[in-house]
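Asker:
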Amino acid sequence: MAIVQMKKLRLMVVRSRKDELLRALARQGEVQIDTVREEDLLGDGAVLTREEADVMALKSRQLAVEQAISLLNRYAPVKTPMLAPKPELEKDVFLSENGLSEAEKAAETIREADSRIKRIGAEESRQRSLIETMTPWRELDLPLQCEGTQRAAVVLGSVSAKQSMGDLQSALENACEEAELFSVSNDGAQQYLVLVCAKEALADAQEALRPFNFNPAAFSGVTGTAAENIAAAERQLKALAAEKESCVKAIEAQSTQRDNLKLAFDKLGTRIAIANADGKLAHTDSVAVMEGWLPAEAEDKLSRIFDKFDCAWETADPAEEEYPNVPVKLKNNKFTNSMNMVTNMYSLPSYGTIDANPWMAFFFILFYGLMMADMGYGLVMIAAAIVAMKKIKPKEGTLAFCQLLLYGGIATFLMGALTGGFFSDIPLQIARLINPDTTWQGLPALFSPVRDSNMLLYGSLVLGLIQLNVGMVASFLFKVKHGQTADAIWDIGSLWVILLGAILLALPMLGLVSSSVLKTVGIAVLAVGVAMLLFGAGRNSKGIFGKIGAAFGAIYNTVTGWFGDVLSYSRIMALMLAGSVIGQVFNTIAVMPLQKSVNPITIVAFLIIFVLGHAINFGLNVLGCFVHDLRLQCLEYFKQFFTDGGKPFTPLTVKPKYVTTKD
Amino acid sequence: MKELFDAFGGYAIGLLGAGLAALLACIGSAKGTGMTGQAAAGLVSEDPSKSGKAMVLQIIPGTQGLYGFVVWFIAFGKLSAGMSVAQGMQVLNACLPIALGGLLSAIAQGKVAVASINILAKKPDDWSKGMIFCIIVEFYAILCLLASFLMLNSIAI
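Below you can see the structure in the form of structure tokens.
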């Protein structure tokens, strides 16, 4: 329920026991290790070195295992159920080396097989293109390397299929006598020809064919006829396919190693974390020096570990000027834990300030319920949250999300009961369908978003006023507790006096009470408040002009800031109304077919429109209400008391990706 | 002028308003989802596993069309053949916020959604933040919807 108190740790350990200590700390998971700054340490005489940890090597090994896992999933996929909890394993498993080399060997086998498959693919496409270029010459029983006899020249080539054979031949006859053109094949686009002529007439013959775009074909390095080459390539393709098959089989055979590979990934991940921590230490010849942070409440437990490894160590409370560097860990109960969703999205509070979660949880969930306000949607959210919690057994971030969904769902249901919304107004629509003359007005409602929208608008603004004041109370208490009572009275107390004056003035104006005394008292109180604000704003400024400037600044900020902040809460009413109206329209459309006649087809049509329409509306609202609730908390509410910029506490720990840990 | 309007009658003017609400808001949504869809298709051609998330981003600028349709539906319910020119004008005016607000906000939101597809491509873990950027634009479409709705509700026919 608060920001956990941290202690600064300085520790020295004999180098030979350092690795063991780091593993023990990772197992405990409660020490954040920071980089030791050499200038903070003993300086004279002692030579400090860093140990070059093999982080890069470990990372490339981890990457190899990760690639193997994704290859295995591609070639031998397994179906995993959507909502399955991650298996649980003891932390010690990740700190041991057992089975690591076996898994890495399997990973190597998989990766090799995959790169062979890739090479085979390249070779296959080479063979296929060879077959393609040979196919037109299949009928030619002349070896392709043949360039002629002693006296005769042979040239293979192609011309466009549009050219007529007769034209070619007559052109050739005119140019030289001892030449002949044979057709081999025609694939519709090109006709493939063999030119045979006397060697000395070759140049003339080619010149004669040039106007027809005769294109000589070159088969360098090819021997044998085209048909022989095609047959050889086909044999080769068959062999390649068989080889590919065997490679795939080899990968599939490794699927028994899948869990082992995942484990190896997490083991390497743990080793990387430890190696990273190691790189932050400073070393002399015989000892390693460590600096870091630990939660004060864990000191007892950790001291036993430190003593076991014969460490020399001390802890100290952080000094005020160190606060910006102190890591922040929040301690939450079941209810406020859900707010981590919100604080993690915005920012952690900085150390030594107020943890917003307990101050925010009630409002966040209340506002969420007001914005959604529908019993049907609430039930859907509650059901989804319970199913997810039972099935996935979530932890940390996912758990916070599920809790938020659950509490938000409960609030949505309760507020829905107040506004009489159950999938908007479907009970009423169906009742009217059954009996068009019904006088029933729908589920009982304390207020209805459509009819009482003015009242809801004022109600939203009042809620905003209340929340902003609660934020100021939080800030007031914090300041008083930390000896800044004067600040609390001048900065916050003066605003309360102004507010009190405004309320006293407003009561007669709204006609709630009629008393001229109240009005006078109200004006007086208001004047005192403004005076307090002006004096308070100027109290730290020097010179009369500085004081006046600060006072005007305060008035301006107070007036514009408060108006803007309070008006912003009108979004509560806006979202409540929008969700309800869109739902109503979908309901009206859905019952239209049923109004004509009730038969199986119209019932199906009703169900489709109803489910689809509400799915859209629900999805929009779940997200939209969260974002707008978040904005009200982080912008309007946090402004009153929250100091952001806390650095998260990141202890050295075992944090596997594929499984969860247990102690 | 009066003769011109009288010649049309209130019903036609009301139809124009209801039609504009649906028409303009749907044009906006078509543009918004269209440009997001193009960006999403580019991303999915590189990484098909992101198609689900890309589709969520694509749907977001589609809601203005839905709001326009909701207003069309309510406005259409208010129209009747014999209504006066004044009443028709009232419906037309009440439809304008969602017609214009829906058109422009959907295009603006589409641009944010396209940029969020970039987040999804480069920093997949942070894609939900892109979604939040989109939803912030959404609020102004919701306000337009409410303005049109409350005005329509106040018209007595």
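Protein chains in written order, with our numbering: chain A, 31 to 693; chain B, 2 to 158.
Ideal Cβ positions, reconstructed from N, Cα and C, are used throughout, including at glycine.
On a predicted model such as this, the values are computed, not experimentally measured, just so you know.
Residues of chain A with CB under 9 Å from B:Glu47, in chain order?
Answerer: To locate residue 47 of chain B, count along the second sequence from 1; it is residue 46. Simply none; closest approach about 16 Å.
Asker: Relative to chain B, which residues along the stretch 584-601 of chain A have a C-beta separation below 8 Å, given in chain order?
Answerer: Arg601
Asker: Report back the beta-carbon spacing between A:Ile33 and A:Asp385 to the nearest angstrom; my notes put them in contact at under 8 Å.
Answerer: Taking the first residue of the first sequence as 1, we reach residue 33 of chain A at position 3. Taking the first residue of the first sequence as 1, we reach residue 385 of chain A at position 355. A:Ile33 to A:Asp385, Cβ: 5 Å. Contact.
Asker: Please identify the residue among B:Gly69, B:Ile108, B:Ile120 whose C-alpha is closest to the C-alpha of B:Ile99.
Answerer: Position 98 of the second sequence, counted from the start, is the residue given in the question as residue 99 of chain B. Comparing alpha carbon positions, the residue from B:Gly69, B:Ile108, B:Ile120 closest to B:Ile99 is B:Gly69.
Asker: Let me know the secondary structure DSSP gives A:Lys13 once reduced to three states.
Answerer: No statement about residue 13 of chain A is possible, as the shown extent of chain A runs from 31 to 693 and does not include it.
Asker: Does any residue of chain B bring its CB to less than 9 Å from the CB of A:Ile646?
Answerer: The residue given as residue 646 of chain A occupies position 616 in the first sequence. It does: the Cβ of A:Ile646 has a partner Cβ on chain B nearer than 9 Å.
Asker: Write down every uninterrupted run of the alpha helix (DSSP H) in the stretch 58-135 of chain B whose length is 4 residues or greater and which is fully enclosed by it, in chain order.
Answerer: Counting only runs of 4 or more residues that sit fully inside the stretch 58-135 of chain B, the alpha helix (DSSP H) segments are 64-79, 86-123, in chain order.
Asker: Measuring alpha carbon to alpha carbon, tell me which of A:Val189, A:Ile260, A:Ala235 ends up nearest A:Leu174.
Answerer: By 1-based counting over the first sequence, the position of residue 174 of chain A is 144. The residue with the shortest Cα to Cα distance from A:Leu174 is A:Ile260.
Asker: So the candidates are A:Pro686, A:Pro678, A:Lys692; which of them puts its Cα closest to the Cα of A:Lys361?
Answerer: Taking the first sequence and counting its residues from 1, one reaches residue 361 of chain A at position 331. Minimum Cα distance to A:Lys361 is reached at A:Pro678.
Asker: Go ahead and label B:Gln91 buried or exposed: buried means 16 or more other beta carbons lie within 10 angstroms of its beta carbon, across all protein chains shown.
Answerer: Numbered from its first residue, the second sequence carries residue 91 of chain B at position 90. Label assigned to B:Gln91: buried.
Asker: Roughly how many whole angstroms lie between the Cα atoms of A:Glu50 and A:Val43?
Answerer: Along the first sequence, read from residue 1 onward, the residue named residue 50 of chain A stands at position 20. Along the first sequence, read from residue 1 onward, the residue named residue 43 of chain A stands at position 13. Their backbone Cα atoms lie some 10 Å apart in a straight line.
Asker: Which of helix, strand or coil does DSSP assign to A:Asp347?
Answerer: Counting from one through the first sequence, the residue named residue 347 of chain A turns up at place 317. Three-state result, A:Asp347: coil.
Asker: Could you tell me the distance, in whole angstroms, from the CA atom of A:Thr79 to the CA atom of A:Ala318?
Answerer: As a first step, residue 79 of chain A is located in the first sequence; it is residue number 49 there, counting from the start. As a first step, residue 318 of chain A is located in the first sequence; it is residue number 288 there, counting from the start. About 9 Å.
Asker: Ignore the nearest five residues each way along the sequence and tell me which others in A:Thr690's own chain have a CB closer than 7 Å to its CB.
Answerer: Residue 690 of chain A sits at position 660 when you count from the first residue of the first sequence. Closer than 7 Å at the Cβ level, and outside the excluded window around A:Thr690, lie Lys116, Glu118, Lys425.
Asker: Between the stretch 137-155 of chain B and chain A, which residues of the former have CB atoms less than 8 Å from a CB of the latter, in chain order?
Answerer: Ile137, Glu139, Phe140, Ile143, Leu144, Leu146, Leu147, Phe150, Leu151, Asn154
Asker: Apply the 10 Å Cβ neighbour rule to B:Ile143 and answer buried if 16 or more other Cβ atoms are within range, or exposed otherwise.
Answerer: Against the second sequence, residue 143 of chain B aligns to sequence position 142. That one is buried.
Asker: Looking only at C-alpha atoms, which of B:Gln59, B:Gly29, B:Phe140 sits nearest to B:Ala41?
Answerer: Taking the second sequence and counting its residues from 1, the one referred to as residue 41 of chain B is at position 40. Closest option to B:Ala41, Cα to Cα, is B:Gln59.
Asker: Using a Cβ cut-off of 9 Å, pull out every chain A residue sitting near B:Phe74, in sequence order please.
Answerer: If you number the second sequence from 1, residue 74 of chain B lands on position 73. Ordered by position in chain A, the residues that pass the 9 Å Cβ test against B:Phe74 are Val615, Thr618, Ile619.
Asker: Would you decide whether B:Lys79 is buried or exposed? Buried here means 16 or more other CB atoms lie within 10 Å of its CB.
Answerer: For this step, residue 79 of chain B is matched to residue 78 along the second sequence. Classification of B:Lys79: buried, given that the 10 Å Cβ count is 16 or more.
Asker: Expressed to the nearest angstrom, what Euclidean distance is found between the alpha-carbon atoms of A:Tyr667 and A:Phe648?
Answerer: Here the question's residue 667 of chain A lines up with position 637 in the first sequence. Here the question's residue 648 of chain A lines up with position 618 in the first sequence. Taking the straight line joining both Cα atoms gives about 26 Å.
Asker: Looking at A:Ser490: is its Cβ nearer than 9 Å to the Cβ of A:Gly613?
Answerer: Position 460 of the first sequence, counted from the start, is the residue given in the question as residue 490 of chain A. Position 583 of the first sequence, counted from the start, is the residue given in the question as residue 613 of chain A. Result no, Cβ atoms of A:Ser490 and A:Gly613 do not sit closer than 9 Å.
Asker: Going by C-alpha distance, which of B:Asp126, B:Val115, B:Ile136, B:Leu24 is nearest B:Val71?
Answerer: Sequence index remark: in the second sequence, residue 71 of chain B carries index 70 (1-based). The option with the nearest alpha carbon to B:Val71 is B:Leu24.
Asker: What span of residues does the alpha helix (DSSP H) with A:Ile63 cover, start to end?
Answerer: One-based indexing of the first sequence puts residue 63 of chain A at position 33. A:Ile63 -> not in any alpha helix (DSSP H); beta strand (DSSP E) instead, spanning 62-64.
Asker: So that I know if they touch, is there some Cβ in chain B lying closer than 9 Å to that of A:Ala635?
Answerer: As a working note, residue 635 of chain A is residue 605 in the first sequence. Output row for A:Ala635: interface = no.
Asker: Closer than 9 Å, Cβ to any Cβ of chain A: which residues of the stretch 121-132 of chain B, in chain order?
Answerer: For the stretch 121-132 of chain B, which is checked against every Cβ of chain A, the residues closer than 9 Å are Ser129, Lys130, Met132.
Asker: Under the three-state reduction of DSSP, which class applies to A:Pro246: helix, strand or coil?
Answerer: If you number the first sequence from 1, residue 246 of chain A lands on position 216. Correct three-state label for A:Pro246: strand.
Asker: Considering only residues of the same chain and omitting the five flanking positions on each side of A:Leu55, which have a CB-CB separation below 6 Å?
Answerer: If you number the first sequence from 1, residue 55 of chain A lands on position 25. Val61, Leu682, listed in sequence order.
Asker: Just to confirm before moving on: does the CB-CB distance between A:Val558 and A:Val527 stay below 9 Å?
Answerer: Working through the first sequence from its first residue, we reach residue 558 of chain A at position 528. Working through the first sequence from its first residue, we reach residue 527 of chain A at position 497. Their beta carbons are under 9 Å apart, which means A:Val558 touches A:Val527 by this criterion.
Asker: Is B:Val113 close to chain A? Criterion is C-beta to C-beta, closer than 9 Å.
Answerer: The residue labelled residue 113 of chain B in the question sits at position 112 within the second sequence. Not one chain A Cβ lies under 9 Å of B:Val113.
Asker: Hey, quick one: how far does the beta strand (DSSP E) through A:Pro325 stretch, first residue to last?
Answerer: Against the first sequence, residue 325 of chain A aligns to sequence position 295. Here the beta strand (DSSP E) through A:Pro325 covers 317-325.
Asker: Does any CB atom of chain A fall closer than 9 Å to the CB of B:Leu67?
Answerer: Taking the second sequence and counting its residues from 1, the one referred to as residue 67 of chain B is at position 66. Yes, its Cβ sits closer than 9 Å to a Cβ of chain A.
Asker: Please classify A:Arg481 as buried or exposed, where buried requires at least 16 other C-beta atoms within 10 Å of its C-beta.
Answerer: If you number the first sequence from 1, residue 481 of chain A lands on position 451. A:Arg481 comes out exposed.
Asker: Does any residue of chain A bring its CB to less than 9 Å from the CB of B:Val92?
Answerer: What you label residue 92 of chain B is simply residue 91 of the second sequence in a count that begins at 1. Not an interface residue.
Asker: Leaving aside the five residues before and after A:Tyr105 along the sequence, list all residues of the same chain whose C-beta is less than 7 Å from its C-beta, in chain order.
Answerer: Locating residue 105 of chain A in the first sequence gives position 75, where the first residue counts as 1. Here the set comprises Val278, Ile281, Glu282.
Asker: Identify which residue in B:Ala95, B:Lys124, B:Ile61 has its Cα closest to the Cα of B:Phe77.
Answerer: Here the question's residue 77 of chain B lines up with position 76 in the second sequence. Comparing Cα positions, the closest option is B:Ala95.
Asker: Reducing DSSP to helix, strand and coil, say where A:Phe452 ends up.
Answerer: Counting from 1 along the first sequence, the entry for residue 452 of chain A is found at position 422. Correct three-state label for A:Phe452: strand.
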